[in-house]
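Notes follow once the structure below has been shown.
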Amino acid sequence: MAKQGHFRGADAVENLLDWCEEFDIKIITLYVLSAENLDRKN
């Protein structure tokens, strides 16, 4: 299950990078984490 989520996330990043290339955006910053990590208290 997690593996499938990683692939979906990688696809989303690839789409974002394609969009950045299309609009000549040369520098971006990505913070990547799972939804489970957002729910953690520590």
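Residue numbers for the sequence shown follow my numbering, so the first one is 1144 and each next one is one higher. Just so you know, even glycine gets a beta-carbon here, dropped at the ideal spot from N, CA and C.
Own chain partners of Cys-1163 with C-beta closer than 7 Å, once the 5 adjacent residues on each side are dropped: Ile-1171
Measure the Cβ-Cβ separation of Gly-1152 and Val-1175 and say whether it is below 9 Å. yes
Whole angstroms is fine: what's the gap from Asp-1161's alpha carbon to Ile-1168's? 10 Å
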